[in-house]
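What follows is a short report on a single structure.
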Amino acid sequence: MNRILAASLFGLSLATSSLAYAEPVKIGVITTLSGGGAGLGIDMRDAFTLAIKQSGNKDVELVIEDDAQKPELAVQIAEKMIQGDKVDLMTGIIWSNLAMAVVPNTVAQDVIYLSPNAGPSALAGTNCNANYFNVAYQNDNFHEGMGEYANKDYKNSFILAPNYPAGKDALTGFKRFYKGSLAGEVYTQVGQTDYAAEIAQIRASGADSVYFFLPGGMGIAFMKQYAQSGVGIPVMGPGFSFDQDVLPAVGDAALGVKNSASWSPDLDNEASKAFVESFKAEYNRLPSVYAAQSWDTANLILSALSKASVKDKDAFRAALKAADFKSVRGTFAFNKNQHPIQNIYVREVVKDGDMLTNKIVATAFENHKDVYADQCGL
């Protein structure tokens, strides 16, 4: 376990600098720092800690632990943080199956949880909760964007994703807006690294395109094997499958691939430019979508801390809901279910010098809302 006390001001702060409530605040961060999904959690942690560091808020303490992508371990850590560490807020979980294991019990104990990534549909509709804020997206959203964009060029897509909540939400979201036929629909194992059988299915399917959601090491393994197979059918994916955490490992096989996200390193607003610059300066790498969402999560928390005491739950929730911070996504607002209303962009993998990255080539949706909000009673 790491305990990090926020350091003195470093560089440009994107958070509110004048703190109305100077009081100790303890934030529990449960994320994936080991195993095949570690790159995602490391980006989450690094962006979050950098935002706190740059804020100059010395009253914020982070308690950071590794869930190793294991739901049972995440549950144990959450209970220890709530009962033992007495955290005021919690965040950090990357994977939807871990979020489903942790979030309901956390919010039931009147602890506010802010998601920097996982957005399972089960928490967006009838099971929404006043103590649950999703700062990233609802799981379907990026996939909805690519489903809409795919209609421009494709009529018979083969789709695949891991068999866990985010994977099911992914393909549901894609199908919601995609108007063509499906050459196949496959759910793989979580953590799978051998995709020979699935690639053989794709080859034989008659598909004119492939849409896949395989985050972290799964996507790296799939793309390497797909490129080696010579199948050659165009691929698409959400930003998670073609982001900075995977592109260096995938290599040139990703060039030209279209993918969807709420943010891209070339997004043209001052908050995003400053974020990319400071993240690169601190860590010597480009930030991913996971990092951008985490940065926004930290700055949302800091903005709320400047307006209300974390001990006054009603006032603090209201301050969070107001979302009065400079988001790297530009305009940011919460829907009634406390999930974002935001643009979804289509990006293309390109080379910037010797480095693979993404550039925005289209906007799939403006001010997009998830379909589950109307089921939420908040």
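Per mature numbering (1 follows the signal peptide of the UniProt record, and there is no 0), the sequence shown runs over residues -22 to -1, 1 to 356. Don't be surprised by glycine CBs; every beta carbon is placed ideally from N, CA and C. This one's a predicted model, so the numbers in the text were calculated from it and none came from an experiment.
Query raised in the report: Can the beta-carbon of Pro94 be found closer than 9 Å to that of Asp274?
Result: For Pro94 and Asp274, yes; Cβs fall inside 9 Å.
Query raised in the report: Is the segment 319 to 332 in contact with the segment 56 to 73, if contact means three or more CB pairs nearer than 8 Å?
Result: no
Requested in this report: Please list, in chain order, all residues of the same chain as Ile137 whose beta carbon is under 8 Å from its beta carbon, the five residues on each side excluded.
Outcome: Leu149, Phe152, Lys153, Leu160, Gly162, Glu163, Val164, Val188, Tyr189 and Phe190
Query - Buried versus exposed, by CB contacts within 10 Å (16 or more), Gly234 - result: exposed
Report task. Would you please state the rounded distance, in angstroms, between the beta carbons of Lys337 and Asn313? I believe it to be under 8 Å. Result -> Not quite, the Cβ-Cβ distance comes to about 28 Å (not below 8 Å), so this is no contact.
Query raised in the report: If you draw a straight line from the alpha carbon of Val38 to that of Asn105, how long is it in whole angstroms?
Result: Val38 and Asn105: Cα-Cα distance of roughly 30 Å.
Requested in this report: Identify the continuous alpha helix (DSSP H) that holds Leu11 and give its terminal residues.
Outcome: Looking at the DSSP string, Leu11 is not in any alpha helix (DSSP H), and its letter there is neither H nor E.
Requested in this report: From the DSSP output, read off the bridge partner residues of Arg325.
Outcome: Asn237 and Ile338
Query raised in the report: Hey, would you say Asp186 sits closer than 9 Å to Asp147, going by beta carbons?
Result: no
Query raised in the report: Helix, strand or coil: how does DSSP classify Tyr91 here?
Result: strand
Query raised in the report: Under a three-way DSSP split, which group does Asp274 fall into?
Result: helix
Report task. Report the rounded CA-to-CA distance for Glu344 versus Phe294, giving the unit in angstroms. Result -> 29 Å
Report task. Output the residue ranges of the beta strand (DSSP E) runs that lie fully inside the segment 106 to 134 and measure 3 residues or longer, sorted by chain position. Result -> Along the length of the segment 106 to 134, whole beta strand (DSSP E) runs at least 3 residues long occupy 110 to 112, reported in chain order.
Query - According to DSSP, residues forming a beta bridge with Glu346 - result: Note that residue 346 is His in the sequence shown here, rather than Glu. As a beta-bridge residue in DSSP terms, His346 pairs with Gln320.
Query - Asp292, DSSP secondary structure in three states - result: helix
Query raised in the report: Are there 16 or more other CB atoms within 10 angstroms of the CB of Lys130, so buried, or fewer, so exposed?
Result: Counting Cβ neighbours within 10 Å, Lys130 comes out exposed, since fewer than 16 surround it.
Query raised in the report: Going straight from the alpha carbon of Gln116 to that of Pro318, what length do you get?
Result: 8 Å
Report task. Entirely within the segment 157 to 198 and at least 3 residues each: give me those beta strand (DSSP E) ranges in chain order. Result -> 159 to 166 and 187 to 190
Requested in this report: Please indicate yes or no: does the CB of Tyr323 lie closer than 8 Å to some heavy atom of the ligand PLP?
Outcome: For the structure depicted, the ligand PLP is absent and the ligand set is empty, with no information on it obtainable.
Report task. Identify whether Ala79 lies in helix, strand or coil by the three-state DSSP scheme. Result -> Correct three-state label for Ala79: helix.
Report task. To the nearest angstrom, report how far apart Lys285 and Lys299 are at their CA atoms. Result -> Their Cα atoms are separated by approximately 12 Å.
Query - CB contact flag (Lys236, Tyr127, <9 Å) - result: yes
Requested in this report: Would you mind stating whether Met124 and Gly184 have Cβ atoms separated by less than 9 Å?
Outcome: no
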